[in-house]
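Worksheet: one structure, shown below.
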Amino acid sequence: MTPVGPTGRVPVSDPLPSDLAELVGLDRLCFGERAWPARAWWEVLHEPGWQPRVIRTRQVIIGATVLLPAPSVASLASIAVHPAWRQRGLGWALLDDAIRLAGQAGARWLALNVDQGQTVALRMYRKRGFGASLRYVEDGIPRLEMLRRLRRGTLPCYDVRRHG
Ligand SMILES: CC(C)(COP(=O)(O)OP(=O)(O)OC[C@H]1O[C@@H](n2cnc3c(N)ncnc32)[C@H](O)[C@@H]1OP(=O)(O)O)[C@@H](O)C(=O)NCCC(=O)NCCS
3 MTPVGPTGRV
13 PVSDPLPSDL
23 AELVGLDRLC
33 FGERAWPARA
43 WWEVLHEPGW
53 QPRVIRTRQV
63 IIGATVLLPA
73 PSVASLASIA
83 VHPAWRQRGL
93 GWALLDDAIR
103 LAGQAGARWL
113 ALNVDQGQTV
123 ALRMYRKRGF
133 GASLRYVEDG
143 IPRLEMLRRL
153 RRGTLPCYDV
163 RRHG
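Per the numbering used here, residue 3 is the first one in the sequence shown, and the count goes up by one each step.
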């Protein structure tokens, strides 16, 4: 069963500093060798600027995002759902929560980066209105930067749409 809150929605909440080990574990499970080191997750939990969010079931974290809110272009730095809990709408719950928080922070755009081979994530982003703004290669892996408009306004100053 998918965890649901009183309103029928999947509850997304702020993590606690004590969630560090769980977040590191989920990240390793979802991203393998490309997972962030524990130090990076510690910074996400303790340093200002980062906005991590989690979905729990029975106190266990089964999904997480990391947002970098900003007035012009917010960045979704990470999104992951535990493999055993995928295809139940948790990815949508996390992505929609990030879009809402980025909008609340005053951002006009939400940016993210994704491997071109991550077809599941790519499909999800395209369905929510993200478009490719930059194609590049990192560590030999073809990647995309994607942008979604959150409110009316001009394109970000690093206008790269013509490369998409
Ligand atoms: C991407 C990810 C977060 C999606 O989580 P999820 O909980 O399975 O997503 P949802 O069930 O909410 O589905 C969201 C959409 O993703 C797409 N999707 C999910 N699973 C899919 C699959 N197996 N095949 C094709 N598309 C799929 C669909 O478009 C789906 O929308 P729809 O079924 O309502 O039309 C999850 O697969 C994951 O953690 N992957 C590993 C980490 C990762 O790649 N993160 C993104 C890095 S940029």
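No residue lacks a Cβ here, since even glycine has one placed at the ideal position from N, Cα and C.
One alpha carbon belongs to R128, the other to I101, and they sit about 14 angstroms apart.
Where E147 is concerned, there is no enclosing alpha helix (DSSP H), although the beta strand (DSSP E) around it starts and stops at 143-151. Remark: the C-beta of Q53 is outside contact range of ligand 1, defined as less than 7 angstroms to any heavy atom.
Distances taken from the Cβ of Q118 to the heavy atoms of ligand 1 include none shorter than 7 angstroms.
For the set Q118, D117, L103, the Cα lying nearest the Cα of W111 is the one of L103. Rounded to whole angstroms, the separation of the alpha carbons of Q118 and V139 is 10 angstroms.
Under the rule that a run must span 4 or more residues, the alpha helix (DSSP H) segments found entirely inside the stretch 55-117 read 92-106.
R11 is bridged by DSSP to nothing; it lacks a bridge partner. Within the same chain, Cβ atoms closer than 6 angstroms to the Cβ of P13 are found at G7, the five residues on either side in sequence being excluded. Residue state for E35 is assigned as helix, using DSSP reduced to three classes. By the 16-neighbour rule on beta-carbons within 10 angstroms, V83 is buried. Straight across, the Cα-Cα distance linking A109 with T121 is about 26 angstroms. Nearest Cα to W94 within the set T67, S74, A134, W52: T67. Burial check for L31: the Cβ neighbour count within 10 Å stays below 16, so the residue is exposed.
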